[in-house]
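J.:
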Amino acid sequence: MTKLPEGNFNKTLLVEMQDGREVIAKLPNPNAGRPYYTTASEVATMDYVRNRLNIPVPKVLAYNTQAKSNDVGAEYIIIMEKCGGIELGHVWDELTGKEKTEIVRQLATYSVRLSKAKFPYYGSIYFSRDIPDIKGTEVDDTFSVGPTTSRDWVDDRRGEVDVDRGPWRSPQDVLTATIQRETACLRAFPISPPDRQQSIFNSANSYRSSISRKISVLEDYALVLPFLLSKDPAHTASTLWHTDLHTHNIFVHPSRPTQITSIIDWQCANLSPAFLHITYPSLLDYSGPKLPGLTLPQLPRNFEDMDKEAKKQARELHLAQSLWGLYRIFAMKQDPNLSSVLGYRDTLAGQIMDAAGAVFDDGEVHLQNLLAQLVEPETWRKVMGQNAPCPLSYSEDELTQLRDALEKWDRHVERKARVLDELGAYEGWDGAVEPGEYDAMAKRLEGARGRFLDGGGKTKWEGGESARVWPFKDG
Numbered sequence: 001m002t003k004l005p006e007g008n009f010n011k012t013l014l015v016e017m018q019d020g021r022e023v024i025a026k027l028p029n030p031n032a033g034r035p036y037y038t039t040a041s042e043v044a045t046m047d048y049v050r051n052r053l054n055i056p057v058p059k060v061l062a063y064n065t066q067a068k069s070n071d072v073g074a075e076y077i078i079i080m081e082k083c084g085g086i087e088l089g090h091v092w093d094e095l096t097g098k099e100k101t102e103i104v105r106q107l108a109t110y111s112v113r114l115s116k117a118k119f120p121y122y123g124s125i126y127f128s129r130d131i132p133d134i135k136g137t138e139v140d141d142t143f144s145v146g147p148t149t150s151r152d153w154v155d156d157r158r159g160e161v162d163v164d165r166g167p168w169r170s171p172q173d174v175l176t177a178t179i180q181r182e183t184a185c186l187r188a189f190p191i192s193p194p195d196r197q198q199s200i201f202n203s204a205n206s207y208r209s210s211i212s213r214k215i216s217v218l219e220d221y222a223l224v225l226p227f228l229l230s231k232d233p234a235h236t237a238s239t240l241w242h243t244d245l246h247t248h249n250i251f252v253h254p255s256r257p258t259q260i261t262s263i264i265d266w267q268c269a270n271l272s273p274a275f276l277h278i279t280y281p282s283l284l285d286y287s288g289p290k291l292p293g294l295t296l297p298q299l300p301r302n303f304e305d306m307d308k309e310a311k312k313q314a315r316e317l318h319l320a321q322s323l324w325g326l327y328r329i330f331a332m333k334q335d336p337n338l339s340s341v342l343g344y345r346d347t348l349a350g351q352i353m354d355a356a357g358a359v360f361d362d363g364e365v366h367l368q369n370l371l372a373q374l375v376e377p378e379t380w381r382k383v384m385g386q387n388a389p390c391p392l393s394y395s396e397d398e399l400t401q402l403r404d405a406l407e408k409w410d411r412h413v414e415r416k417a418r419v420l421d422e423l424g425a426y427e428g429w430d431g432a433v434e435p436g437e438y439d440a441m442a443k444r445l446e447g448a449r450g451r452f453l454d455g456g457g458k459t460k461w462e463g464g465e466s467a468r469v470w471p472f473k474d475g
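Sequential numbering from 1 applies to the sequence shown in UniProt numbering.
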């Protein structure tokens, strides 16, 4: 038995059997999700995806959801074999544009299989035998829909509040329950974790957040929610999605690296309204402008006049934009609704409903500015598709204060983002690093803190304010 590198949510062991076979034993950490449900749903989801949708997923050999009643003393999943192939992350940077395009083509095909699979309720997939007390939510003779295991309903102490976790019958039920969840957290817990916040709060020149303001914004959102939901059933259909398709969750054939052999990490995959979680695979994310619609990029007109480094950067951006656009084209050819859903996410209504799910952590000023746009009569008519009064109203003084608050919030979002970029860390990073990277990260963090304090102001008092709100403190 060999311990493999540990992720954020699981411990993983490579087990060699007496007959020489290798299997993977995976044990969820306490932060992985709700006991019992997280493991039960992950196993059922993997089985459904593998056997109903014909997507390459490791086969589960055995599982146990009862930590207190087995010899291991923990919930566990055992996957039949070590994934065939190698992680895509080991070869991605060496692949040609043509080879990467073939990977994107396969991912689009698998995405369409997910998007076309529709379900009668919203929540998460289970074997019916594992949720015997829930009736009437059957998908077929094997699977049923039960409570959601989405991390949105667990992270940052959200798993501790007593709220409706599904299964839900309608998209409005899902979104209403989300408002109740965020409100319950705000009433139960004084502050959300600083590492989950996009901005830097409560210094003298920054936006000042408050629980009462967050609740007020959620109340405004609740007033307009019934008008915001798309009437296109493709946008709101209960859909299964893999929301973390980065290069380490995709395995490819070692000698034919354009052939995907397995997709892993289905823990907490869930059934949500399509527009809330259908996104581009994260391995296609890039820094730079996203092209609208189905357009493909062009190299800059002055490309031939650029120096060597500028040409290199232009080519990299061109390839990233091309792969992004090709994914959408490949997906649209197989399922036009998928492209429509991706487009709807970017509408004002889509942005509002997406932002409302994170108010406990951060972003209420961003959400309120989105809501304020609805007050414009033409914008409201466009959202509504008919003449009807908007239930919200803001005075000119309130709108001015709101714009000022957003400007402060945005400025400090950028300030924190610069620190994360300098560290090479992701948004929401909580300070966890691999043991071998600790010293290097500590050194980068020390340098980043010095530059953060230097940029905090010219006076001693302003510098002290920056030290007080530095987001990455010990303890």
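We treat Cβ as the ideally placed atom computed from N, Cα and C, and that holds for glycine.
Since this is a predicted model, take the numbers as computed values, not measurements.
(1) In chain order, what residues of the same chain lie with their CB nearer than 8 Å to the CB of residue 8, ignoring the 5 residues before and after it?
(2) Mind checking residue 479: buried by the 16 CB within 10 Å criterion, or exposed?
(3) Residue 146: buried (16+ other C-beta within 10 angstroms of its C-beta) or exposed?
(4) How would you label residue 165, buried or exposed, when you count the other beta carbons within 10 angstroms and need 16 or more for buried?
(5) The alpha helix (DSSP H) with residue 100 in it runs from where to where?
(6) Indicate whether residue 224 and residue 371 have their beta-carbon atoms separated by less than 9 Å.
(7) Would you mind reading off the limits of the beta strand (DSSP E) that contains residue 339?
(8) In whole angstroms, what separates the C-alpha of residue 129 from that of residue 210?
(9) Let me know the secondary structure DSSP gives residue 11 once reduced to three states.
(10) Buried or exposed for residue 302, please, with buried defined as at least 16 other CB atoms from any protein chain shown within 10 angstroms of its CB.
(11) Cβ of residue 148 within 9 Å of Cβ of residue 249?
(12) Which complete beta strand (DSSP E) runs does the stretch 213 to 267 hold, if anything under 3 residues is left out?
(13) Determine which residues share a DSSP beta bridge with residue 64 and list them.
(14) Would you mind sorting residue 63 into buried or exposed? The rule is 16 or more other CB atoms within 10 Å of its CB.
(15) Hey, could you find the ends of the alpha helix (DSSP H) residue 377 is sitting in?
(16) Which residues in the same chain have their Cβ closer than 8 Å to the Cβ of residue 81, if we skip the five residues on either side of it in sequence?
(17) With a threshold of 9 Å between beta carbons, is residue 282 in contact with chain C?
(18) Using CA coordinates, which residue listed in 27, 238 and 314 is at the minimum distance from residue 122?
(19) Return helix, strand or coil for residue 25, following the three-state DSSP convention.
(20) State the Cα-Cα distance for the pair residue 357 and residue 139, rounded to the nearest angstrom.
(21) Can you tell me which of the three DSSP states residue 178 falls into?
(22) Are the Cβ atoms of residue 125 and residue 44 separated by less than 9 Å?
(23) Measure the beta-carbon distance from residue 472 to residue 445 and round it to whole angstroms, keeping in mind my assumption that it falls under 8 Å.
(24) Under 8 Å: do the stretch 377 to 393 and the stretch 304 to 313 share three or more Cβ pairs, one atom per stretch?
(25) Closest by CA to residue 88, which one among 261, 133 and 376?
(26) Skipping 5 residues on each side, what residues in its chain have a beta carbon closer than 6 Å to that of residue 106?
(27) Taking residue 235 and residue 275 to be in contact with their CB atoms under 8 Å, please state how far apart those CB atoms are, rounded to whole angstroms.
(28) For residue 271, list the residues DSSP reports as bridge partners.
(29) Thinking just about the alpha-carbon of each residue, which of 364, 369, 360 and 95 is nearest to the one in residue 180?
(30) Which residues mark the beginning and the end of the beta strand (DSSP E) in which residue 146 is found?
(31) Is the number of C-beta pairs between the stretch 215 to 232 and the stretch 367 to 382 that are closer than 8 Å three or more?
(32) Out of curiosity, what's the CA-to-CA distance linking residue 399 and residue 365?
(33) Note down the Cα distance separating residue 50 from residue 421, rounded to an integer number of angstroms.
(34) Enumerate, from N- to C-terminal direction, the unbroken beta strand (DSSP E) stretches of 3 or more residues contained entirely within the stretch 401 to 431.
(35) Which of the three DSSP states, helix, strand or coil, is assigned to residue 153?
(36) Assuming residue 322 and residue 174 form a contact by the criterion Cβ under 8 Å, report the distance between their Cβ atoms to the nearest whole angstrom.
T.: According to the structure data:
(1) The sequence position of residue 8 within the sequence shown is 8, counting from 1. If we look at residue 8 and ignore the five residues flanking it on each side, its Cβ neighbours are 29, 31 and 432.
(2) Only positions 1 to 475 of the chain appear in this structure, which leaves residue 479 out of reach.
(3) Against the sequence shown, residue 146 aligns to sequence position 146. With 16 or more other Cβ atoms within 10 Å, it is buried.
(4) Within the sequence shown, numbered from 1, the residue matching residue 165 stands at position 165. Counting Cβ neighbours within 10 Å, residue 165 comes out buried, since at least 16 surround it.
(5) Here the question's residue 100 lines up with position 100 in the sequence shown. From DSSP, the alpha helix (DSSP H) with residue 100 extends over 97 to 116.
(6) Within the sequence shown, the letter at position 224 stands for residue 224. Within the sequence shown, the letter at position 371 stands for residue 371. At a Cβ-Cβ threshold of 9 Å, residue 224 and residue 371 count as neighbours.
(7) Here residue 339 refers to the residue found at position 339 of the sequence shown. Not the beta strand (DSSP E): residue 339 falls in the alpha helix (DSSP H), residues 336 to 345.
(8) Translated into the one-based positions of the sequence shown, residue 129 becomes position 129. Translated into the one-based positions of the sequence shown, residue 210 becomes position 210. For residue 129 and residue 210, the distance between alpha carbons rounds to 45 Å.
(9) The sequence position of residue 11 within the sequence shown is 11, counting from 1. Three-state DSSP puts residue 11 in a strand.
(10) Stepping through the sequence shown from its first residue, residue 302 is reached at position 302. Exposed.
(11) In the sequence shown, counting from the first residue as 1, residue 148 sits at position 148. In the sequence shown, counting from the first residue as 1, residue 249 sits at position 249. For residue 148 and residue 249, no; Cβs fall outside 9 Å.
(12) Taken in chain order, the unbroken stretches of beta strand (DSSP E) that lie wholly in the stretch 213 to 267 and span 3 residues or more are 238 to 240, 250 to 252 and 260 to 263.
(13) For the purposes of this step, residue 64 is taken as residue 64 along the sequence shown, with counting starting at 1. DSSP lists 76 as the bridge partner or partners of residue 64.
(14) Position 63 of the sequence shown holds residue 63. It is buried - the Cβ of residue 63 has at least 16 other Cβ atoms within 10 Å.
(15) Within the sequence shown, numbered from 1, the residue matching residue 377 stands at position 377. Unbroken alpha helix (DSSP H) run through residue 377: 377 to 384.
(16) In the sequence shown, counting from the first residue as 1, residue 81 sits at position 81. If you ignore the 5 residues before and after residue 81, its C-beta comes within less than 8 Å of the C-beta of 21, 22, 23, 24, 58 and 59, all in its own chain and listed in chain order.
(17) Going by chain labels, chain C is absent from the structure shown, which holds only one protein chain.
(18) The residue you call residue 122 lines up with position 122 of the sequence shown. The residue with the shortest Cα to Cα distance from residue 122 is 238.
(19) As a working note, residue 25 is residue 25 in the sequence shown. Residue 25 carries a strand assignment under DSSP once its states are collapsed to helix, strand and coil.
(20) Here residue 357 refers to the residue found at position 357 when the sequence shown is read from its first residue. Here residue 139 refers to the residue found at position 139 when the sequence shown is read from its first residue. When rounded, the separation of the alpha-carbon atoms in residue 357 and residue 139 is 27 Å.
(21) For this step, residue 178 is matched to residue 178 along the sequence shown. Looking at residue 178 - three-state DSSP - the assignment turns out to be helix.
(22) Mapped onto the sequence shown, residue 125 falls at position 125. Mapped onto the sequence shown, residue 44 falls at position 44. Between residue 125 and residue 44, the CB-CB gap stays under 9 Å.
(23) Residue 472 sits at position 472 when you count from the first residue of the sequence shown. Residue 445 sits at position 445 when you count from the first residue of the sequence shown. Contact check for residue 472 and residue 445: beta-carbon distance about 6 Å, within the 8 Å limit, so the pair qualifies.
(24) With fewer than three CB-CB distances shorter than 8 Å, the stretch 377 to 393 does not count as touching the stretch 304 to 313.
(25) Taking the sequence shown and counting its residues from 1, the one referred to as residue 88 is at position 88. Among 261, 133 and 376, the Cα nearest to that of residue 88 is on 261.
(26) Working through the sequence shown from its first residue, we reach residue 106 at position 106. Same-chain partners within the cutoff: 260.
(27) The residue labelled residue 235 in the question sits at position 235 within the sequence shown. The residue labelled residue 275 in the question sits at position 275 within the sequence shown. 5 Å between Cβ atoms; contact.
(28) The count along the sequence shown starts at 1 and reaches residue 271 at position 271. Bridge partners of residue 271: 123 and 240.
(29) For the purposes of this step, residue 180 is taken as the residue at position 180 of the sequence shown. Taking only the C-alpha atoms, the option nearest residue 180 is 360.
(30) Working through the sequence shown from its first residue, we reach residue 146 at position 146. The continuous beta strand (DSSP E) containing residue 146 extends over residues 143 to 146.
(31) With the rule of 3 Cβ pairs closer than 8 Å, the stretch 215 to 232 counts as touching the stretch 367 to 382.
(32) Residue mapping note: residue 399 aligns to position 399 of the sequence shown, counting from 1. Residue mapping note: residue 365 aligns to position 365 of the sequence shown, counting from 1. Residue 399 and residue 365: Cα-Cα distance of roughly 11 Å.
(33) Counted from its first residue, the sequence shown places residue 50 at position 50. Counted from its first residue, the sequence shown places residue 421 at position 421. If I take the Cα positions, the gap works out to 37 Å.
(34) Counting only runs of 3 or more, we get nothing.
(35) Walking along the sequence shown from the start, residue 153 turns up at place 153. Correct three-state label for residue 153: helix.
(36) The residue labelled residue 322 in the question sits at position 322 within the sequence shown. The residue labelled residue 174 in the question sits at position 174 within the sequence shown. Taking the Cβ atoms as the reference, residue 322 lies roughly 35 Å from residue 174, outside the contact range of under 8 Å.
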